[in-house]
Each structure stands twice: as structure tokens, then as C-alpha cells.
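Heads up, the sequence shown is in numbering that gives the first Met the number 0, so the first residue is 0 and it goes up one at a time.
Everything below concerns the one structure shown next.
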Amino acid sequence: MRSNGKLDRFVVIGGGISGLSSAFYLLKEAELRGREAHITIVDPAERIGGKINTLRKQGFVIEKGPDSFLARKTPIIDLAFDLGIQDELTGTNPAAKKTYILHRGKLHPMPPGLVLGVPTEIMPFAKTGLLSWGGKLRAMLDFVLPASKAEGDESVGSFLSRRVGAEVTERIAEPLLAGIYAGDLSKLSLQSTFPQFREAEMRHGSLIRGTRANKRKGAAAPAAPSKLPKQLQRSMFLTFKNGLSTMLEALNEALAGAERRMGRSAVAFRQNDKEDIEQGAAPYEVLLSDGEILSADGIVITSPASEAADLLEPHMPVDALRAVKYVSVANVVMAFDKASFGVEFDGSGFVVPRSEGTTITACTWTSAKWLHASPGDKVLLRCYVGRAGDEEVVDLPDEALEEAVRRDIRGVLGVTAEPLFTEITRLHRSMPQYPVGHAQATAKLRAQLRSTMPGVWIAGAAFDGVGLPDCIRQGKESASIVYRAIDR
Numbered sequence: 000m001r002s003n004g005k006l007d008r009f010v011v012i013g014g015g016i017s018g019l020s021s022a023f024y025l026l027k028e029a030e031l032r033g034r035e036a037h038i039t040i041v042d043p044a045e046r047i048g049g050k051i052n053t054l055r056k057q058g059f060v061i062e063k064g065p066d067s068f069l070a071r072k073t074p075i076i077d078l079a080f081d082l083g084i085q086d087e088l089t090g091t092n093p094a095a096k097k098t099y100i101l102h103r104g105k106l107h108p109m110p111p112g113l114v115l116g117v118p119t120e121i122m123p124f125a126k127t128g129l130l131s132w133g134g135k136l137r138a139m140l141d142f143v144l145p146a147s148k149a150e151g152d153e154s155v156g157s158f159l160s161r162r163v164g165a166e167v168t169e170r171i172a173e174p175l176l177a178g179i180y181a182g183d184l185s186k187l188s189l190q191s192t193f194p195q196f197r198e199a200e201m202r203h204g205s206l207i208r209g210t211r212a213n214k215r216k217g218a219a220a221p222a223a224p225s226k227l228p229k230q231l232q233r234s235m236f237l238t239f240k241n242g243l244s245t246m247l248e249a250l251n252e253a254l255a256g257a258e259r260r261m262g263r264s265a266v267a268f269r270q271n272d273k274e275d276i277e278q279g280a281a282p283y284e285v286l287l288s289d290g291e292i293l294s295a296d297g298i299v300i301t302s303p304a305s306e307a308a309d310l311l312e313p314h315m316p317v318d319a320l321r322a323v324k325y326v327s328v329a330n331v332v333m334a335f336d337k338a339s340f341g342v343e344f345d346g347s348g349f350v351v352p353r354s355e356g357t358t359i360t361a362c363t364w365t366s367a368k369w370l371h372a373s374p375g376d377k378v379l380l381r382c383y384v385g386r387a388g389d390e391e392v393v394d395l396p397d398e399a400l401e402e403a404v405r406r407d408i409r410g411v412l413g414v415t416a417e418p419l420f421t422e423i424t425r426l427h428r429s430m431p432q433y434p435v436g437h438a439q440a441t442a443k444l445r446a447q448l449r450s451t452m453p454g455v456w457i458a459g460a461a462f463d464g465v466g467l468p469d470c471i472r473q474g475k476e477s478a479s480i481v482y483r484a485i486d487r
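Quick look at the structure:
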């Protein structure tokens with residue numbers, strides 16, 4: 000498609016972590032191939048980074064968006080090494096391992112051996128006050144219930160209910176799993192969110208037995224890659240000492256040669272005729288909201304699903320994209336003086352089932368979980384609000400939202416102290432919901448892209464995982480896929 004010695008022009012639509020990773024790895028691909036790449040990043044926001052946003056204030060490191068990532072998912076660690084910021088990585092406080100679940104207004108420690116809401120140690124599970132004896136016995140039926148022979152996808156809620164019963168699903172699994180997606184388990188795709196559950200059922204005939212086997216298999220392996228220091232290898236979650244914006248700042252520097260079109264949107268693109276391309280025209284042209292037209296050999300679209308659908312709809316069916324809905328959430332971060340706070344934490348926070356009727360869906364005891372996040376004489380709490388079916392709370396006025404959150408904190412923790420300050424962040428339409436059949440529909444859409452528009456690709460949280468490592472992985476894959484398509 001392009002010959003050696005020519006400049007390869009790429010337009011990356013979206014300046015969040017998926018787009019920035021795509022741009023970074025496009026430059027890496029060009030370097031590997033001995034080529035020169037010119038990249039233009041387009042985003043309607045005024046700043047790069049998407050939802051990642053670290054506030055450094057009065058000695059606190061406050062994440063207004065995502066706050067960490069799973070250490071076992073290596074693409075983000077590989078990126079840290081590629082950027083030379085691996086020494087900035089830090090893990091959770093090893094003394095804050097406990098997590099709690101709110102049940103009938105009281106905090107109950109999560110039973111030891113729980114893996115994504117699935118019990119793997121029977122005695123601690125039998126002793127928990129989170130479930131009735133009927134609920135516990137129903138969960139044990141998982142050992143004898145036959146594996147489903149049905150093929151295809153199903154919802155997470157449907158799967159868990161038939162394997163371990165309604166109580167475990169509603170009181171334990173829902174607040175843990177739905178919290179990742181702020182979603183409704185009865186609608187979330189199992190294959191696109193927790194495919195390991197179905198694999199455990201198929202391979203071992205039991206979700207509990209399969210999860211236990213996977214846990215044993217992984218017990219000998221560190222949580223994080225062995226190339227990290229030993230103290231980090233033991234941490235399930237990692238972040239950066241000065242916040243996740245450390246990664247944005249490093250990417251911004253690495254992409255200093257890329258052009259930016261911030262505060263503008265890509266509104267359409269067209270594929271040039273073969274004759275025009277043979278006469279020197281670029282394969283694609285991207286139209287921006289201010290009328291500028293960008294020539295491109297390759298395009299990576301990392302926009303939210305609805306915006307990606309608007310761009311692709313003139314060229315192909317986009318039902319797969321239209322089916323991905325989004326949920327709005329917010330977080331309320333409060334800082335306190337430790338001397339007046341009145342509570343000592345022995346864990347990292349708690350999650351809240353829907354049935355509790357609180358405004359908050361979870362609370363991270365940030366200063367206990369992340370020792371770098373707060374001065375030693377201060378306390379930092381981060382409370383989450385909003386989930387599928389309960390999004391109106393996100394748009395309450397600041398004072399009303401803060402009071403609702405503080406009321407919950409008073410009720411659960413008994414904290415009456417006045418915050419030193421409060422930071423409220425609303426993330427509208429930020430959490431993509433993968434419907435049943437999402438993986439198959441996305442694969443079909445991408446197959447059509449490959450055949451009809453080589454050099455155009457879609458990636459990001461709307462497709463193959465909402466976590467930061469998933470988005471970075473997709474960015475790196477996009478760079479390879481797009482370069483292979485144009486380097487012919």
C-alpha cells in the first residue's frame with residue numbers, strides 16, 4: 000500500500016489512554032520497520048488522557064478517574080518500562096488486605112478465599128454472616144450441578160445464579176463484579192467480562208472447583224511480573240507514586256513530535272478511489288469539526304462506541320457499536336485530619352450491594368490502601384456513586400451529593416468529622432456495558448473492517464476490556480494491525 004521511503008501518516012481519533020498507546024506504539028512500529036511516521040491525535044477535550052486525571056494537592060495524590068490497575072495484566076507494566084518510568088510504580092499497603100461488604104447496615108469482612116465473588120475455601124464461607132444457611136447450601140450445589148451444554152454467550156447474572164444461587168450473586172458477586180463495570184449483572188456479557196467463569200465450569204464441572212484449581216495454579220506465581228522488585232510482585236494492584244498522570248506526562252513527552260487537534264472532533268472520513276491513491280493521494284481523508292481535512296494512510300478510532308458508530312455507519316453496519324450503552328458515575332473524595340477522624344482502618348475499603356439502599360456503591364480507604372496518597376497525619380476517603388439503574392444521583396448539586404455521601408459514611412463508619420476539602424468528579428457516560436453477544440458482534444465488525452477498509456481499526460474500552468491494561472493492550476495491537484495493513 001505504501002512504498003519504502005515515504006512518510007506514513009496516521010490519524011488517531013481519541014486522546015485517552017487507548018489513543019495515546021496506539022500513537023506511541025505506531026511510532027515504535029515505524030522504528031522497527033525503518034520507516035518514518037507522522038501522527039495526528041484528534042480529541043474533543045482540551046487535554047489528553049481521557050478519564051485519567053491526577054490532582055496533586057496539599058501533599059495528597061488524588062485520582063479523579065481510575066486509581067490503579069491489576070498487576071497481573073502486563074501491558075501497562077510493559078508500557079511503563081518502554082517509557083522509562085518503571086521505578087515510579089508502587090503497590091498497595093500490605094497491612095490493608097481486608098475488604099468489607101456492607102450487609103444490613105454493617106460491615107462484614109469478605110470471606111478468605113473469595114475470588115471475584117466465588118468461594119474457594121469452604122469453612123470461612125460457611126462462617127460468614129453475609130448469607131443465610133439456605134444461601135450457603137445453595138452455593139454448595141455448584142459441586143453437583145451439571146455443566147450447561149448450551150453454547151454461546153449468556154449474562155453474568157444468569158450464569159452465577161444457576162451455579163451458586165441468587166444470594167451469593169446479589170450479596171457478594173454483584174457489588175464486587177458490577178462495581179468494575181457499574182453495571183447490571185443480568186445484562187452484562189459473561190464472555191466479554193469474566194470468561195474464566197465459563198471455562199471453569201466446562202473444564203471442572205463446577206465454578207467453585209474450577210476457580211479453586213485456577214487459584215492453586217496461580218498461587219506459586221507472583222501477582223506482578225518478576226521483572227519488578229519483590230515488594231511489588233506481591234501486590235495485586237499497582238499504580239504510580241505520583242499518580243497515574245505520571246504515565247500521561249511520559250506519553251506526552253514521548254509523543255512530542257505528534258500533532259494535536261484538541262478541542263476538535265473527527266466528524267467523518269472517506270476512502271479515496273484506487274486511481275487517486277495510485278496518483279499519490281492518501282488512502283483516507285478525515286474531516287474535523289472545524290472543516291480541516293487530514294490525509295491518512297491509517298486511522299485508529301478509540302472514541303466511545305456511539306461516536307465510533309457515527310464515523311463508521313456510512314461505510315458498514317454498526318449494530319455492534321450501537322448496542323454498547325454507557326453508565327454515568329461519580330466519585331467523591333474527602334480529606335480529613337487524622338486526629339479528628341476517629342476511626343482506624345484495618346483494610347482497604349468496602350463495597351455495597353444494591354439492596355442496601357445507600358447513595359454510595361463503594362468506599363476506598365485510600366490513605367490506608369495507598370500509603371503514598373496522603374500525608375501521614377491525614378485521612379483520604381474515596382466514595383463512588385452511580386451504577387446502571389441509579390444514575391440520577393450523579394447529577395445532584397455538589398452540596399446535596401456531598402451530604403448524601405457523608406450521611407452514608409456517618410451511618411456505616413460513624414465518622415462525623417468535617418472534611419478539610421472535598422473533590423467531586425462526574426464521569427458522564429464513562430462505563431461501557433458489554434451486552435450478551437458482544438464479543439462475537441465485535442469480531443464480526445472487525446473482520447469487515449479488515450476486508451473493506453485496511454488500515455482502519457477500532458479499539459478502546461468499548462471493545463475488549465475497560466481496565467487500563469486492556470486499553471493499552473488494544474492500543475499496541477492496533478498499531479501492529481494498522482501497520483501490517485498499510486505496509487504492503
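Backbone N, C-alpha and C define an ideal beta-carbon position, used for all residues, glycine too.
This structure is a prediction, so every number in the text was calculated from the model and none was measured.
Problem - Cut-off 8 angstroms between Cβ atoms - residues of its own chain near Leu287, not counting five sequence neighbours on either side - result: For the purposes of this step, residue 287 is taken as the residue at position 288 of the sequence shown. Val41, Arg260, Arg263, Ser264, Ala265, Val266 and Leu293.
task = Starting from Cys470, follow its DSSP beta bridges and name the residues at the other end.
result = Within the sequence shown, numbered from 1, the residue matching residue 470 stands at position 471. The partner list for Cys470 (beta bridge, DSSP) is empty, contrary to what the question assumes.
Apart from the five residues just before and just after Ser302, which ones in its own chain have a Cβ nearer than 6 angstroms to its Cβ?
For the purposes of this step, residue 302 is taken as the residue at position 303 of the sequence shown. Correct list, in chain order: Ile12 and Gly13.
> What beta strand (DSSP E) runs, 3 residues minimum, are completely inside the region 283-357?
Replying inline: For secondary structure counted as the beta strand (DSSP E) over 3 or more consecutive residues, the region 283-357 holds these complete runs in sequence order: 283-287, 292-295, 297-300, 324-336 and 346-350.
Cβ neighbour criterion (16 or more within 10 Å) applied to Ile16:
For the purposes of this step, residue 16 is taken as the residue at position 17 of the sequence shown. Around the beta carbon of Ile16, 16 or more other beta carbons sit within 10 angstroms, so the residue counts as buried.
Query raised in the report: Should the region 125-141 be regarded as contacting the region 167-176, the criterion being three or more beta carbon pairs within less than 8 angstroms?
Result: Yes: the two stretches touch, three or more of their Cβ pairs being nearer than 8 angstroms.
Pairwise C-alpha distance: Gln439 and Arg472: Within the sequence shown, residue 472 is the residue found at index 473, counting from 1. Within the sequence shown, residue 439 is the residue found at index 440, counting from 1. Note on geometry: alpha-carbon atoms of Arg472 and Gln439 lie some 19 angstroms from one another.
Residue burial classification, Arg1 (beta-carbon count within 10 angstroms, cutoff 16)
Residue 1 sits at position 2 when you count from the first residue of the sequence shown. In this prediction, Arg1 scores a pLDDT of 49, lower than 50, which makes its location untrustworthy; no coordinate-derived value is stated.
Which partner residues of Val384 appear in the DSSP bridge assignment? The residue you call residue 384 lines up with position 385 of the sequence shown. DSSP, once it has assigned bridges, lists Ala329 and Ile359 as partnering Val384.
**Item:** For Glu30 and Asp272, the rounded distance between their alpha carbons
**Value:** In the sequence shown, residue 272 corresponds to position 273, counting from 1. In the sequence shown, residue 30 corresponds to position 31, counting from 1. A direct Cα-to-Cα measurement between Asp272 and Glu30 gives close to 29 angstroms.
Rounded to whole angstroms, what is the Cα-Cα separation between Ala146 and Pro194?
Numbered from its first residue, the sequence shown carries residue 146 at position 147. Numbered from its first residue, the sequence shown carries residue 194 at position 195. If you take the alpha carbons of Ala146 and Pro194, they lie about 15 angstroms apart.
Pick from Ala308, Lys475 and Leu250: whose alpha carbon is nearest that of Leu25? Walking along the sequence shown from the start, residue 25 turns up at place 26. Sorting Ala308, Lys475 and Leu250 by C-alpha distance to the C-alpha of Leu25 places Lys475 at the top.
- prompt: Can you give the beta carbon distance from Ala460 to Pro431, rounded, assuming they're within the 8 angstroms contact cut?
  reply: What you label residue 460 is simply residue 461 of the sequence shown in a count that begins at 1. What you label residue 431 is simply residue 432 of the sequence shown in a count that begins at 1. Between Pro431 and Ala460 the Cβ distance is about 5 angstroms, and since that is below 8 angstroms, they are a contact.
message: Among the candidates Arg409, Leu400, Ala334 and Leu395, whose CA atom is the shortest distance from the CA of Asp376?
response: Indexing the sequence shown from 1 puts residue 376 at position 377. Distance from the Cα of Asp376 is smallest, within the candidate group Arg409, Leu400, Ala334 and Leu395, for Ala334.
When Asp77, Glu398, Lys63 and Leu380 are compared against Ala223, the one with the closest alpha-carbon: If you number the sequence shown from 1, residue 223 lands on position 224. That would be Asp77, whose Cα lies nearest to the Cα of Ala223.
Ignore the nearest five residues each way along the sequence and tell me which others in Leu419's own chain have a CB closer than 7 angstroms to its CB. Indexing the sequence shown from 1 puts residue 419 at position 420. Here Leu419 has Ala334, Phe335 and Asp336 as same chain residues with Cβ atoms under 7 angstroms from its own Cβ, once five neighbours each way along the sequence are excluded.
Exercise for the section: Look at the Cβ atom of Leu426, then the Cβ atom of Val328, and state whether they are nearer than 8 angstroms. Expected result: Here the question's residue 426 lines up with position 427 in the sequence shown. Here the question's residue 328 lines up with position 329 in the sequence shown. The Cβ atoms of Leu426 and Val328 sit closer than 8 angstroms to each other.
Inset, instruction - Could you spell out where the beta strand (DSSP E) holding Arg8 opens and where it closes? - result: Your numbering for residue 8 matches position 9 in the sequence shown. Note, Arg8: beta strand (DSSP E), Leu6 to Ile12.
Consult DSSP for Ala222 and reduce its assignment to one of helix, strand or coil.
-> Working through the sequence shown from its first residue, we reach residue 222 at position 223. In this structure, Ala222 counts as coil in the three-state DSSP scheme.
In its own chain, which residues sit with a C-beta less than 6 angstroms from the C-beta of Gly178, not counting the 5 before and 5 after it?
Here residue 178 corresponds to residue number 179 of the sequence shown, with the count starting at 1. Taking Gly178 as the centre and dropping the five residues before and after it, the same chain places the C-beta of Val350 and Ala361 closer than 6 angstroms to its C-beta, in chain order.
Between the region 296-310 and the region 389-406, are three or more C-beta pairs nearer than 8 angstroms? Contact between the region 296-310 and the region 389-406 is absent, with fewer than three C-beta pairs closer than 8 angstroms.
Suppose you measure from the CA of Ala95 to the CA of Met235; what does that come to, to the nearest Å? Looking up residue 95 in the sequence shown gives position 96. Looking up residue 235 in the sequence shown gives position 236. Their backbone Cα atoms lie some 12 angstroms apart in a straight line.
In this structure, does DSSP put Glu422 in helix, strand or coil? In the sequence shown, counting from the first residue as 1, residue 422 sits at position 423. Residue state, collapsed to three classes: strand.
If you draw a straight line from the alpha carbon of Gly137 to that of Thr192, how long is it in whole angstroms? Taking the sequence shown and counting its residues from 1, one reaches residue 137 at position 138. Taking the sequence shown and counting its residues from 1, one reaches residue 192 at position 193. The question names Gly, but residue 137 in the sequence shown is Arg. Looking at the backbone, the Cα of Arg137 and that of Thr192 are separated by about 24 angstroms.
Proximity winner among Leu395, Trp456 and Ala416, relative to Thr424 (alpha-carbon distances): Here residue 424 refers to the residue found at position 425 when the sequence shown is read from its first residue. Taking each of Leu395, Trp456 and Ala416 in turn and checking the Cα distance to Thr424, the smallest one comes out for Leu395.
Stretch-stretch touch, CB-based, cutoff 8 angstroms, three pairs: the region 181-188 with the region 116-126: With a cut-off of 8 angstroms, the region 116-126 and the region 181-188 do not count as touching, because too few Cβ pairs lie within range.
- Task: Pull up the distance between the alpha-carbon of Pro174 and that of Lys97, whole angstroms please.
- Result: As a first step, residue 174 must be located in the sequence shown, where it is residue number 175. As a first step, residue 97 must be located in the sequence shown, where it is residue number 98. Pro174 and Lys97: Cα-Cα distance of roughly 16 angstroms.
Quick check on the burial criterion: 16 or more other C-beta atoms within 10 angstroms. Buried or exposed for Asn3? Reading the sequence shown from its first residue, position 4 is the one you call residue 3. Bear in mind that a pLDDT of 44 at Asn3, under 50, signals an unreliable position, so the model cannot answer this.
- Message: Just to confirm before moving on: does the CB-CB distance between Val155 and Leu187 stay below 8 angstroms?
- Response: Along the sequence shown, one-based indexing puts residue 155 at 156. Along the sequence shown, one-based indexing puts residue 187 at 188. Yes. Within cutoff.
Could you work out which residue in Pro453, Val163, Leu444 and Gly466 is closest to Ala70 when comparing CA atoms only? Within the sequence shown, the letter at position 71 stands for residue 70. Ranked by Cα distance from Ala70, the options Pro453, Val163, Leu444 and Gly466 are led by Gly466.
*Out of Ala338, Leu115 and Pro468, state which residue places its alpha-carbon closest to the alpha-carbon of Thr73.*
Against the sequence shown, residue 73 aligns to sequence position 74. Relative to Thr73, the option among Ala338, Leu115 and Pro468 whose CA is nearest is Pro468.
**OP:** Tell me where the beta strand (DSSP E) around Val392 begins and ends.
**Re:** Here residue 392 refers to the residue found at position 393 of the sequence shown. Premise fails: Val392 is in no beta strand (DSSP E) and is neither H nor E.
Exercise. Can you give the Cα-Cα distance for Asp7 and Ser450, rounded to whole angstroms?
Worked result: For the purposes of this step, residue 7 is taken as residue 8 along the sequence shown, with counting starting at 1. For the purposes of this step, residue 450 is taken as residue 451 along the sequence shown, with counting starting at 1. The straight-line gap separating the alpha-carbon atoms of Asp7 and Ser450 is approximately 21 angstroms.
Q | Which of helix, strand or coil DSSP assigns to Trp456 | A | Walking along the sequence shown from the start, residue 456 turns up at place 457. Residue state, collapsed to three classes: strand.
query: When the distance is taken between beta carbons, is Gly348 closer than 8 angstroms to Arg368?
result: Counted from its first residue, the sequence shown places residue 368 at position 369. Counted from its first residue, the sequence shown places residue 348 at position 349. Note that residue 368 corresponds to Lys in the displayed sequence, not to Arg. A contact, by the Cβ cut-off of 8 angstroms.
In or out: Gln190 buried (at least 16 other Cβ within 10 Å) or exposed? Residue mapping note: residue 190 aligns to position 191 of the sequence shown, counting from 1. Taking all protein chains in view, the Cβ of Gln190 is crowded by 16 or more other Cβ atoms within 10 Å, so the residue is classified as buried.
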